[in-house]
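For reference, the structure is listed below as structure tokens.
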Amino acid sequence: MKEEMKKPRYAIVDLEATSAGTTASIIQVGIVIIEDDHIIKTYETDINPHERLDDHIIALTGLTDERLSKAPEFSQVAKEIFELLEDCIFVAHNVKFDANLLAEQLFFEGYELMTPRVDTVELTQVFYPTLEKYSLPILAKSLSLNLANAHIAISDAIATAELFLKLRNKMRQLPKRTLEKIVTFGDSLLFESQLVIKEIIAEKSSYDDKDYIRVADILLKKDQPMAKPKHLSLDFDTNCHYLGLEERPIQSQFAQLIEKRFEEPTTSFIEAQAGIGKTYGYLLSLLPRLDGKQLLISVPTKVLQDQIVASEARQIKETFNIDCQSIKSPQNYLKLDAFYQTLQRQDHNRLINRYKMQLLVWLLETKTGDLDEVKQKQRFEAYFDEIKHDGFIDASSPFFEVDFWHRIESNYRKKPIIITNHAYLLARSEHDKSFLENKVLVIDEAQKFFLALERTSQKKVNVTKILQIIHKKLQQDPPLILQRLLESLQFELSHLVGDFYKKKRNLLEEEHLIQLKQDISEYPDNDLDELKELLLSSLTVFWLESEQLETHRETYLRGGQTDFRRFQEYLSPKTKTYAISATLSISKKVNLADLLGFDEVTFDYLPVDVSLNQKIWLDKEAEPYEKTDLASYEALLVKKIVSLTRKNIPMLVLFTSKQVMLSVSDRLDDYHIKHLTQYKNGLASNVKRRFDNAESKLLLGTGSFWEGVDFTQQDKMIAVITRLPFDNPEDFFTKKMASYLRDNKKNPFYDYTLPVAILKLKQAIGRTNRRQTQESAIIILDNRVVTKRYGKQITKALAKQSPVREENFEEILSELSDFLL
5 MKEEMKKPRY
15 AIVDLEATSA
25 GTTASIIQVG
35 IVIIEDDHII
45 KTYETDINPH
55 ERLDDHIIAL
65 TGLTDERLSK
75 APEFSQVAKE
85 IFELLEDCIF
95 VAHNVKFDAN
105 LLAEQLFFEG
115 YELMTPRVDT
125 VELTQVFYPT
135 LEKYSLPILA
145 KSLSLNLANA
155 HIAISDAIAT
165 AELFLKLRNK
175 MRQLPKRTLE
185 KIVTFGDSLL
195 FESQLVIKEI
205 IAEKSSYDDK
215 DYIRVADILL
225 KKDQPMAKPK
235 HLSLDFDTNC
245 HYLGLEERPI
255 QSQFAQLIEK
265 RFEEPTTSFI
275 EAQAGIGKTY
285 GYLLSLLPRL
295 DGKQLLISVP
305 TKVLQDQIVA
315 SEARQIKETF
325 NIDCQSIKSP
335 QNYLKLDAFY
345 QTLQRQDHNR
355 LINRYKMQLL
365 VWLLETKTGD
375 LDEVKQKQRF
385 EAYFDEIKHD
395 GFIDASSPFF
405 EVDFWHRIES
415 NYRKKPIIIT
425 NHAYLLARSE
435 HDKSFLENKV
445 LVIDEAQKFF
455 LALERTSQKK
465 VNVTKILQII
475 HKKLQQDPPL
485 ILQRLLESLQ
495 FELSHLVGDF
505 YKKKRNLLEE
515 EHLIQLKQDI
525 SEYPDNDLDE
535 LKELLLSSLT
545 VFWLESEQLE
555 THRETYLRGG
565 QTDFRRFQEY
575 LSPKTKTYAI
585 SATLSISKKV
595 NLADLLGFDE
605 VTFDYLPVDV
615 SLNQKIWLDK
625 EAEPYEKTDL
635 ASYEALLVKK
645 IVSLTRKNIP
655 MLVLFTSKQV
665 MLSVSDRLDD
675 YHIKHLTQYK
685 NGLASNVKRR
695 FDNAESKLLL
705 GTGSFWEGVD
715 FTQQDKMIAV
725 ITRLPFDNPE
735 DFFTKKMASY
745 LRDNKKNPFY
755 DYTLPVAILK
765 LKQAIGRTNR
775 RQTQESAIII
785 LDNRVVTKRY
795 GKQITKALAK
805 QSPVREENFE
815 EILSELSDFL
825 L
């Protein structure tokens with residue numbers, strides 16, 4: 005009779021130490037022994053390090069010098085610890101630190117610890133690929149682990165043991181074929197971590213992938229059939245009742261306006277303030293009236309798009325069995341063909357191989373193939389550039405029927421609801437007129453749609469990369485004619501870039517443009533096609549701009565049109581369109597319908613209520629932003645932010661400059677202030693989720709945080725506006741708008757620039773007050789609101805939304821305590 009293989013015993017270990025360095029001394033040990041998936045023993049002890057603890061370690065662990073002075077020395081417990089571990093597989097969360105430190109200390113006492121090592125950080129990254137952060141406290145919250153006292157060794161060891169058992173159970177639930185594929189890249193895992201996967205594979209006697217789709221040894225999640233859709237009531241309030249939504253009179257008024265305008269052929273513009281529940285308002289009033297048409301919703305950002313899919317659309321699907329299709333540009337989705345090709349090779353880069361393992365697990369879970377679901381892809385974007393979709397799929401590909409983009413294209417016409425973003429809607433409808441046919445279109449936050457419309461009329465190329473291509477080609481000793489063309493292109497582009505940075509010239513003059521067009525028109529190879537398409541297009545104006553990345557700066561050549569586009573020209577006459585905006589009138593002389601090019605429209609306005617749950621403070625002592633002394637400005641800004649963090653309330657700090665934001669973040673690091681920063685700690689969607697998960701109470705953001713990110717999780721919030729969000733006067737679009745307004749006898753600043761800045765302010769402020777029970781404090785640290793003549797217009801506009809007070813900063817701190825605490 006074959007003897008059954010003895011199951012391994014695992015020792016889950018956590019150490020607390022005097023530091024995180026290699027010279028650290030152990031001050032606490034926690035061990036949990038697991039056998040046959042059961043905890044059979046726990047062990048804990050303090051260790052006397054014979055050195056004083058620093059304040060950080062005392063605050064982190066709760067241990068004191070007095071307590072440790074009474075603890076045993078490591079030599080007194082070394083034999084007991086070694087005997088516990090010697091026949092086990094050593095498991096830890098960040099095993100390299102714990103195992104190395106413990107093995108070294110045991111070695112000094114005469115014990116050689118040679119056990120295999122397993123790291124739960126990497127295993128969790130592989131088997132929970134959609135989590136954003138893998139620290140033990142964050143995992144405890146995400147996976148419901150019992151972490152009673154973080155940074156107490158036995159508490160951390162018990163939580164890690166629970167995590168380890170969850171990982172094993174998760175592996176058991178996965179098909180054997182996927183686990184076997186994962187193990188082919190297992191050598192890229194730290195130490196012997198793959199032993200756990202192999203053990204689970206050995207448990208599985210047969211292949212169990214009948215619940216998945218198998219294509220070329222890749223397993224994919226099967227689509228689950230939808231139950232028959234339920235009929236919604238024509239009465240909005242009844243539908244709200246089915247969803248369990250609280251009654252909101254202003255939301256009902258909004259829904260009534262949607263219903264009232266439904267049969268009218270003209271485009272309906274509705275002004276509605278943020279925070280009234282617009283999304284449910286148009287969804288629940290339009291869905292029962294579609295009569296075979298599709299509801300197409302467009303929002304400003306992908307972040308907001310994902311937010312609606314995960315919230316309102318999910319609730320409607322679960323309650324009424326009405327499905328939706330989210331559509332982004334193809335580059336957001338995984339291309340299975342490309343991914344499969346990377347699986348055929350063993351990369352030397354350990355991180356790439358770990359991504360392959362993660363994606364194999366993710367493919368068993370994802371319904372969409374949207375790579376935004378994989379939260380840590382920014383750590384090696386080059387690999388994801390290789391496997392992202394290009395919008396094309398060969399019909400002969402084995403993945404043709406299951407290709408994510410192909411399935412979206414095949415199925416979106418069958419879904420009652422389509423959710424997309426402004427940029428994709430415009431890009432798609434420009435070359436695919438059928439996309440808007442037979443639709444009821446809702447343009448949410450239509451004030452952003454106008455800017456998106458302008459961006460679609462522009463094209464850009466990366467000049468930094470173009471110059472690199474040219475330099476590489478010249479080093480290959482090309483034929484003389486080709487060499488002359490390349491040298492001319494290199495000279496012209498380098499000269500333009502030099503003038504851009506040295507003399508601040510961004511617009512291309514006619515003589516340079518003529519030479520560039522001549523050279524690129526004669527260039528025979530296709531490696532500069534992007535530049536050729538840009539320069540030889542119908543665009544009329546060209547300019548340079550730059551982007552500062554973490555490690556370097558990149559320069560772009562952008563082209564645009566001097567004329568404004570009319571969105572009405574994109575629409576089918578049968579498309580019923582709603583444009584919903586926080587404001588319809590940019591100013592008394594400029595309205596949104598005019599800017600979008602609509603001729604016949606209706607305007608409706610919802611009443612605006614002043615929110616008493618939100619207050620706005622103007623810092624009358626705020627320091628002016630001076631580029632000549634930017635360091636002093638940033639230092640004073642940081643000082644005020646640090647003071648506000650002492651309130652211990654979730655806080656959003658909004659910047660208009662990425663450079664200033666990153667500099668302030670570095671200064672906050674010097675103060676040891678824990679915070680999250682857009683770009684530095686991830687993209688907007690990632691840092692927002694981490695903020696919502698209470699990983700940090702301070703978030704620094706720019707860009708999309710002004711536009712379309714709602715903060716609903718926090719009961720209390722502080723939002724700091726560091727600078728008024730005026731458009732850059734040197735921006736091409738700003739100049740184009742100014743010229744258009746002057747031609748029409750209007751004032752560019754008072755009829756557009758100032759009203760748009762006020763609108764951005766109101767939008768940002770409204771993002772932190774999304775629930776009736778939510779309280780938020782807004783602090784504006786820009787002295788122009790107080791010192792400039794136009795400041796009164798800003799104050800008057802904000803006062804219609806929330807009470808406004810003008811105080812010095814110390815008084816603001818005091819009043820904040822009374823308001824929020």
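Mind the numbering: the sequence shown is residues 5 to 825 in the numbering used here, read in order. Yeah, the Cβ is synthetic: ideal placement off N, Cα and C, and Gly gets one too. Given the structure is predicted, the values throughout are model-derived calculations rather than measurements.
Limits of the beta strand (DSSP E) - the one that residue i falls within
i	result
Gln32	Ile30 to Glu39
Thr581	Lys580 to Ser585
Lys45	His42 to Asp50
Selected residue, minimal CA-CA separation from residue i, among the options
i	options	result
Leu288	Gln309, Ala317 and Lys297	Ala317
Thr124	Leu497, Phe101 and Glu116	Phe101
Leu622	Thr660, Arg809, Leu548 and Leu610	Arg809
His679	Lys701, Asp69, Lys464 and Ala276	Lys701
Asp567	Ser667, Leu785, Phe736 and Phe439	Phe736
Tyr337	Val313, Asp351, Asn353 and Leu367	Leu367
Phe403	Asp221, Ile423 and Glu573	Asp221
Trp710	Ile31, Pro269, Glu84 and Val657	Val657
Met664	Ser647, Glu113, Ile677 and Tyr683	A small correction: the amino acid at residue 664 is Val; Met does not occupy that position in the sequence shown. Ranking the options by Cα distance to Val664, first place goes to Tyr683.
Asn442	Gln565, Thr581, Thr119 and Asp374	Thr581
Lys252	Arg774, Leu193 and Pro483	Per the sequence shown, the amino acid found at residue 252 is Arg instead of Lys. Comparing Cα positions, the closest option is Arg774.
Thr460	Ile43, Tyr794 and Asn425	Asn425
Ile30	Asp40, Ala15, Ile85 and His42	Ile85
Glu811	Ser647, Leu672 and Lys624	Lys624
Arg265	Asp608, Ser806 and Pro628	Asp608
Phe384	His393, Ile397, Thr370 and Arg354	Arg354
Asp529	Pro483, Asn685 and Lys662	Pro483
Lys214	Lys226, His235 and Thr660	Lys226
Pro76	Phe189, Ile93 and Ile51	Ile51
Residue i versus residue j - alpha carbon distance
i	j	result
Ile162	Thr46	8 Å
Lys6	Pro12	A caution first: Lys6 carries a pLDDT of 42, below 50, which makes its placement in the model unreliable, though a value can still be read off. Answer to the nearest angstrom: the Cα atoms are 18 Å apart.
Lys208	Gln380	30 Å
Asp696	Leu687	14 Å
Asp212	Pro179	5 Å
Asp327	Gln309	15 Å
Trp547	Leu511	4 Å
Arg488	Leu430	40 Å
Ala742	Asn751	8 Å
Sequence-distant residues of its chain with Cβ nearer than 8 Å to residue i (five each side left out)
i	result
Leu824	Lys651, Ile653, Lys720, Ile722, Glu779 and Ala781
Thr346	Ile356, Lys360, Tyr387, Glu390 and Ile391
Leu610	Ile254, Gln257, Phe258, Leu261, Ile274, Glu275, Ala276, Gln277 and Ile280
Phe504	Asn510, Leu548, Ser550 and Thr559
Lys578	Glu441 and Asn442
Val406	Ile217, Val219, Leu224 and Leu340
Leu4	As displayed, the chain neither begins before 5 nor continues past 825, which places residue 4 out of reach and without an answer.
Residue i: CB within 7 Å of a non-hydrogen atom of the ligand FAD
i	result
Met361	Of the ligands one can find in the structure shown there are none, so the ligand FAD has no counterpart to examine.
Own chain, CB closer than 7 Å to residue i, minus 5 neighbours either side, in chain order
i	result
Ala206	none
Residue span of the alpha helix (DSSP H) that contains residue i, given as start and end
i	result
Gln519	Glu514 to Glu526
Ser159	Ala157 to Gln177
Phe258	Pro253 to Lys264
Asn425	Note, Asn425: premise wrong, no alpha helix (DSSP H); beta strand (DSSP E) at Ile421 to Asn425.
Ile16	Premise fails: Ile16 lies in the beta strand (DSSP E), Arg13 to Ala21, not in any alpha helix (DSSP H).
Cutoff 6 Å; reference residue i; Cβ partners in own chain excluding five residues on either side
i	result
Ser237	Asn243
Practice task
Report the residue ranges of all alpha helix (DSSP H) runs contained in full by the segment 682-770; include only those spanning at least 4 residues, in chain order.
Solution key: 688-696, 708-711, 736-747 and 758-770
Exercise for the section: Scan the segment 179-224 and note each continuous alpha helix (DSSP H) run of 4 residues or more that stays entirely inside, going in chain order. Expected result: 180-187 and 198-207
Handout entry: Contiguous beta strand (DSSP E) assignments of at least 3 residues, all confined to the segment 276-360
Key = 298-303 and 328-330
Practice task
Tell me the start and end of each unbroken beta strand (DSSP E) in the segment 541-577 that is at least 3 residues and wholly inside, in chain order.
Solution key: 545-552 and 557-564
Problem - Any alpha helix (DSSP H) of 4 or more consecutive residues that is wholly inside the segment 429-495 - result: 450-460 and 467-479
Handout entry: Contained alpha helix (DSSP H) runs [length at least 4] in the segment 608-691, N- to C-terminal order
Key = 634-649 and 662-674
Handout entry: Start-end ranges of the beta strand (DSSP E) lying completely within the segment 360-399, minimum 3 residues
Key = none
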